[in-house]
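There are 4 protein chains.
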Amino acid sequence: MIKVGIVGATGYTGAELIRILQGHPEVKIEVLTSQSYAGQEIAQVFPQLSPLELPVLIEQEQDKLTEVDVAFLALPHGVSMPIAARLLSAGVKVIDLGADFRLKDAVAYQTWYGLEHSYPQLLAEAVYGLPELKREQIAAARLVANPGCYPTSILLALAPALKHGLLHLDTIIADSKSGVSGAGRGVSLGVHFSEVNENFKAYNVGQHRHTAEIEQELAVLAGKPLTITFTPHLVPMTRGILSTVYAKLRQNLEEEEIRAIYRDFYRGEPFVKVLEAGQYPQTKWCAGSNRAFIGLKKDARTGRLILVSAIDNLVKGASGQAVQNMNILFGLPETMGLEETGLWP
Amino acid sequence: MIKVGIVGATGYTGAELIRILQGHPEVKIEVLTSQSYAGQEIAQVFPQLSPLELPVLIEQEQDKLTEVDVAFLALPHGVSMPIAARLLSAGVKVIDLGADFRLKDAVAYQTWYGLEHSYPQLLAEAVYGLPELKREQIAAARLVANPGCYPTSILLALAPALKHGLLHLDTIIADSKSGVSGAGRGVSLGVHFSEVNENFKAYNVGQHRHTAEIEQELAVLAGKPLTITFTPHLVPMTRGILSTVYAKLRQNLEEEEIRAIYRDFYRGEPFVKVLEAGQYPQTKWCAGSNRAFIGLKKDARTGRLILVSAIDNLVKGASGQAVQNMNILFGLPETMGLEETGLWP
Amino acid sequence: MIKVGIVGATGYTGAELIRILQGHPEVKIEVLTSQSYAGQEIAQVFPQLSPLELPVLIEQEQDKLTEVDVAFLALPHGVSMPIAARLLSAGVKVIDLGADFRLKDAVAYQTWYGLEHSYPQLLAEAVYGLPELKREQIAAARLVANPGCYPTSILLALAPALKHGLLHLDTIIADSKSGVSGAGRGVSLGVHFSEVNENFKAYNVGQHRHTAEIEQELAVLAGKPLTITFTPHLVPMTRGILSTVYAKLRQNLEEEEIRAIYRDFYRGEPFVKVLEAGQYPQTKWCAGSNRAFIGLKKDARTGRLILVSAIDNLVKGASGQAVQNMNILFGLPETMGLEETGLWP
Amino acid sequence: MIKVGIVGATGYTGAELIRILQGHPEVKIEVLTSQSYAGQEIAQVFPQLSPLELPVLIEQEQDKLTEVDVAFLALPHGVSMPIAARLLSAGVKVIDLGADFRLKDAVAYQTWYGLEHSYPQLLAEAVYGLPELKREQIAAARLVANPGCYPTSILLALAPALKHGLLHLDTIIADSKSGVSGAGRGVSLGVHFSEVNENFKAYNVGQHRHTAEIEQELAVLAGKPLTITFTPHLVPMTRGILSTVYAKLRQNLEEEEIRAIYRDFYRGEPFVKVLEAGQYPQTKWCAGSNRAFIGLKKDARTGRLILVSAIDNLVKGASGQAVQNMNILFGLPETMGLEETGLWP
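Residue numbers (this note's numbering), protein chains in the order written: chain A, 1 to 345; chain B, 346 to 690; chain C, 691 to 1035; chain D, 1036 to 1380.
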């Protein structure tokens, strides 16, 4: 059994890790940390977990955390850096669900996140944990930077097209829509039910931090740097991200030729499904599941490719993908603990 | 492996049976029927199920249905009767998720459901499948009448109090609130998003059909007939039932004495959790799970007991309970395939 | 033109007062106060109000507030007391939307609200502002205690029955369901979208503060003291309260006789509509409107009367009723500024 | 008083017309038609309207309809054509809220709507009723084609930029998100609460009928033909449309220069508000109001202009705009009956 620690167990991605891992046949949750609730049972924070046998919440500074095989860091950016360094020194593998190790460039980190990176040497080592693109590198890693939710949805949508050079790189626009859980469990007027319900808005227009991570990985796929326009929106629902991505096609391919490229690219991938012509995904198809669905349309009138991808932001966009990465790190079947279909309706 | 058939696989309780059973280690889904979609893949109806290997949808008349070990009937009331009879004759065990075999009294069936019961002899044989109350009888049954969603939530809340004679039987009021999935997948103005969203209403006030079933089983618990007032309400959410139940206490017990009776009654039950003083359940604690949570309050000012219970109407209120019954029928651990905690948030 | 001040203009009841009063033909909004946003334009807080010409937000201590004809206090309980006293001294009429002047008994105030009442003499003077019950007293008042949202919905449902002695007074149970805006604009985990959406719960079971106010006014109607059981619930919607009220009938009246009593009681009331047999209200019928709808059912099987009432908690349950009271205070037609029908869908 | 007829009064745009017009000081609603509910009171269909004095529903064939001054047609496309012709012959002004008279080209109508236009001569006469762009033509019209909801939101967002030649015309992408009421009151699985709630999807990707109307009017603004990419999405909310529109800037203008152009273009417009830098609209700001809010961002990294517009699809996107057009037709102040601010929260 793999001994697991979850650092930041009382946020939404932490809770989702518990939900997934408690059903994983090769995992034992050994440590749960919470700075706010240390000393309490997790069932005092989440009564719905009361039937499970889980360790008492402790502070992340405790030694016990260094005795696990792998630690998931479900923390705000800026906080993960020193903890990751400490755990790696102790021989613990680290999967960071935050943003601290996703960017390769410490300067870019400072630009987008507004603070200096204190462990730039770890940036070089960290592997960007999108299994469909970097399976081999993840398998050999000590430190996995779990991708952001928006980037996961956008990279999966664009990867085949960029790998095959189908697109004009300066025409990419990603218009993404997210459920509210992506904002975390912290309280603010922006997540007040009465302000979000029966409402829809764009936010961080043209300047969301995930832009840096998306462009970095798209550049790897394309083999050259590029810039995109990225606009996130808030949907009055809890879970799910749908990204609608637009770009000009370089060649006049038929839609079915493009679909064939996509099918080929994702052949054998257990968590990515390319849909039929005229079929587009719905976020609820993924609720609680690690699956991603991709629909595509050639807009023949304008020569654009329209890609529509859907994931559950807390699963494939966070905790599920983290478990998928853990499975790879430990040589387990990649779908172990992640077979669940979405909850419908 | 138990060979399973699901009759009416494209409704919500049918889809939920598929979701639960595809993760059950001792089950193979052999037959899925649908009168509307016969001949199609289930993934054409529910694309989110596309990665699963499932049989093609067939009509319920086909012989193949009689070759399974157990059939779940997820059909409107009135339709199950002849199918159940046919399957039982063929040696198939039957778990009916509809209302056709819940009432012991064919006259009451006709009164509440407006049609004559064509197999009254099966009414006597059928076991009302609430495992926490009738485990032994279910184990020996051929035909299980899976309880309604409202009755499950109300019976679990009242059972310990009635068994212990705590209540004045003529003072029971059940005020229940259900998500919209309880109305099924059929279309009507009453389930139109724009009419339900940001709206709350009572319906079938004082005359909902589940009243008969609730009173029948409460009478068994109390050892004498009784009538209750039952009011269902529609909540703008998809899943979940919360019932708030009121009754006068016969004796002046302390709240903690009552709680101890409840804890004792449900000791060892894997799916029922009695909450702490001052703690009341939320429907979302059960989303996708087979658990029931019960909170209780002694209203000392009025001498009433207030019970609050929450379940997922599609799981403990339908398909999950049906699988729990199947586990009992086949001598399997009762929690097999049902270990999942609720989806939160 | 009546010069109006709104104290606490940036909460939900304050914003709703602005929305209603800006369309009132006899009102000029002269003062808006906010302790958090003083010095700013209201349109900086609520951009949707940007086209309106409204005064800059000031602190409630400023002298300007004492120059209005009437002040609406939209403040947390405990805060209104000294402000009301100061304004009354300056000759300003006061309509308090909070709880500080609703209870006649300073001891009860301390019991339920946990702090000593500092102006008990004003309690005697204040008129409980439910126009359908106290129109004449309101007309003569200086200080109106605007009723709570739950009490409004419950009192309107029960008033005719209590006035006519139809009910056993010790059998009254009010099961109420409210949208989230009733909790105000303050942030907390309890109003976090991801915790409220697709969820339903009871809260403050058997001990909500509104109980005191409901019982006080029911006692006036009944002519003798009584206690009720009151359970509030939180619905995943923004606006609306629906109360389902149960009580034993003293006599064996026909349902239509009871309906006739209700119709007679509310004859000519512009804001209260008694529904047909078999018809029950929906909260959305009132969204944005000052109307209350009442449905009723005689549950002949149990001898109970079931009452179902619906209001918009922010309109008839707060700001709309406050404007109705203002109209009475100033001798205007009671519907002035309040003619709007609900928003549907 | 203007005598008004509403043809198709029991759909959502019909109900919204009643809501708005019953508060309009210069209007008397003389005729309400409904093919499904003819002979009934409108309050039987919409009980929330019960206090209003409104005419009994009649069939649209009745002569009484030809005696009004102006008729609003709130009908499915294809149905309006003969009724409009008949009413115009009788001297009645017609405002069609459907799609039958929006396209100037009968061939394009047939291409996009799949049926032949039976009154092509009326296409030439009809005025596309977007008051901010065509006020003078509307004033002189007999037949107004009220714009679609998506087109209204997109045209208002792009008009200033196109009029001033700011954009590369072949780079325009409109990504729109609509509440469910835009789909009308008809029942289908696509508007079933359980399928829409907690869900988000794209639909009619690259082929929505509104594309034709948007391109036609953008071409007028730009002075030359163009094609756009338009993707509509369904948001789990009832009201509201938000459009996010992208295009490449032709010149390197500063964001504030662009904003100045927008402010200048919409100066004096009562229903269009251009927001501050960094401020983006929310659909709920417009709930129940005829206002449109526009935010804009220059994405300096990519040289694109990002426009975000929000309206209530049933008001500025349908019935409110229709009343605005009526006001223009009859020489009334354009805001009459439409002064209401949005409902918040």
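Where is the CB? At the ideal position from N, CA and C, for every residue including glycine. What you are looking at is a predicted structure, and each value in this text was computed from that prediction instead of being measured.
Counted within 10 angstroms of its Cβ, other Cβ atoms place residue i as buried (16 or more) or exposed
| i | result |
| --- | --- |
| Q405 of chain B | buried |
| G240 of chain A | buried |
| M326 of chain A | buried |
| T1318 of chain D | buried |
| Q1286 of chain D | exposed |
| A124 of chain A | exposed |
| M1006 of chain D | Missing from the structure shown is residue 1006 of chain D; chain D here goes from 1036 to 1380 and no further. |
| S194 of chain A | buried |
| P421 of chain B | exposed |
| P225 of chain A | exposed |
Beta-carbon neighbours of residue i, restricted to chain B and to distances below 8 Å
| i | result |
| --- | --- |
| I996 of chain C | V550, G551, T574, T576 |
| T1273 of chain D | F538, S539, N542, E543 |
| N1069 of chain D | One point to set straight first is that residue 1069 of chain D is Ser, not Asn, in the sequence displayed. Those within 8 Å of S1069 of chain D in chain B number zero; the least Cβ separation is about 14 Å. |
Rounded distance between the beta-carbons of residue j and residue i, thought under 8 Å
| i | j | result |
| --- | --- | --- |
| F1300 of chain D | K1198 of chain D | 7 Å |
| L763 of chain C | A774 of chain C | 6 Å |
| G633 of chain B | L343 of chain A | 5 Å |
| I573 of chain B | I517 of chain B | 4 Å |
| G362 of chain A | Y37 of chain A | Not covered by the structure: residue 362 of chain A. The range shown for chain A is 1 to 345. |
Partner residues on chain C for residue i, Cβ-Cβ distance less than 7 Å
| i | result |
| --- | --- |
| D644 of chain B | G896, T919 |
| T680 of chain B | By Cβ distance, chain C contributes nothing, its closest Cβ being about 25 Å from T680 of chain B, past 7 Å. |
| W1320 of chain D | P737, Q738 |
Contact list for residue i against chain B, beta-carbon separation under 9 Å
| i | result |
| --- | --- |
| L21 of chain A | Per Cβ cutoff of 9 Å: no residues; L21 of chain A is ~11 Å from chain B at best. |
Interface residues of chain A facing residue i [CB-CB closer than 7 Å]
| i | result |
| --- | --- |
| S979 of chain C | Here the premise fails: no neighbours, minimum Cβ distance about 17 Å. |
| P690 of chain B | Y12, S181, T238 |
| S685 of chain B | Before going on, a small fix: residue 685 of chain B reads as Glu here, not Ser. The contacting residues are G23. |
Partners in chain C for residue i, counting only beta-carbon separations shorter than 8 Å
| i | result |
| --- | --- |
| H627 of chain B | For the sequence presented, residue 627 of chain B should be read as Gln rather than His. In chain order: N889, F890, K891. |
| E1314 of chain D | A small correction: the amino acid at residue 1314 of chain D is Gln; Glu does not occupy that position in the sequence shown. The contacting residues are P737. |
Proximal chain B residues relative to residue i, where beta-carbon distance stays under 7 Å
| i | result |
| --- | --- |
| L1224 of chain D | V532 |
| A15 of chain A | W689 |
Interface partners of residue i on chain D, CB under 8 Å
| i | result |
| --- | --- |
| T302 of chain A | D1205, T1262, I1263, T1264 |
| L242 of chain A | F1235, K1236, A1237, H1268 |
Interface residues of chain C facing residue i [CB-CB closer than 9 Å]
| i | result |
| --- | --- |
| T1045 of chain D | By Cβ distance, chain C contributes nothing, its closest Cβ being about 11 Å from T1045 of chain D, past 9 Å. |
Chain D contact residues for residue i, given Cβ-Cβ distances below 9 Å
| i | result |
| --- | --- |
| Q811 of chain C | Per Cβ cutoff of 9 Å: no residues; Q811 of chain C is ~37 Å from chain D at best. |
Proximal residues of chain D, C-beta to C-beta of residue i below 7 Å
| i | result |
| --- | --- |
| K963 of chain C | S1085, P1086 |
Report the residues of the region 853-876 of chain C with a CB closer than 7 Å to any CB of chain B, ordered along the chain.
-> I863, D865, K867
Where the region 1072-1089 of chain D meets chain A: residues whose CB sits under 7 Å from a CB there = none
In the region 293-339 of chain A, which residue ranges form an unbroken beta strand (DSSP E) of at least 3 residues, counting only runs that do not cross its ends?
-> 304-311
Scan the region 1280-1331 of chain D and note each continuous alpha helix (DSSP H) run of 4 residues or more that stays entirely inside, going in chain order.
-> 1290-1300
What residues in the region 589-616 of chain B have a beta carbon less than 7 Å from any beta carbon of chain C?
-> T589, Y591
Which runs of the beta strand (DSSP E), 3 residues or longer, sit entirely within the region 505-544 of chain B?
-> 518-523
Note down, in chain order, all residues in the region 995-1015 of chain C with a beta-carbon under 7 Å from any beta-carbon belonging to chain D.
-> none
Could you pull out every unbroken beta strand (DSSP E) segment of at least 3 residues lying fully inside the region 795-846 of chain C, listed in chain order?
-> 833-835
Which runs of the beta strand (DSSP E) fall wholly inside the region 897-942 of chain C and span at least 3 residues, in chain order?
-> 919-924, 931-938
Going along the chain, which residues of the region 51-75 of chain A sit with their C-beta nearer than 9 Å to a C-beta in chain B?
-> P51, L52
Which whole runs of the beta strand (DSSP E) in the region 712-760 of chain C are 3 residues long or more, in chain order?
-> 717-723
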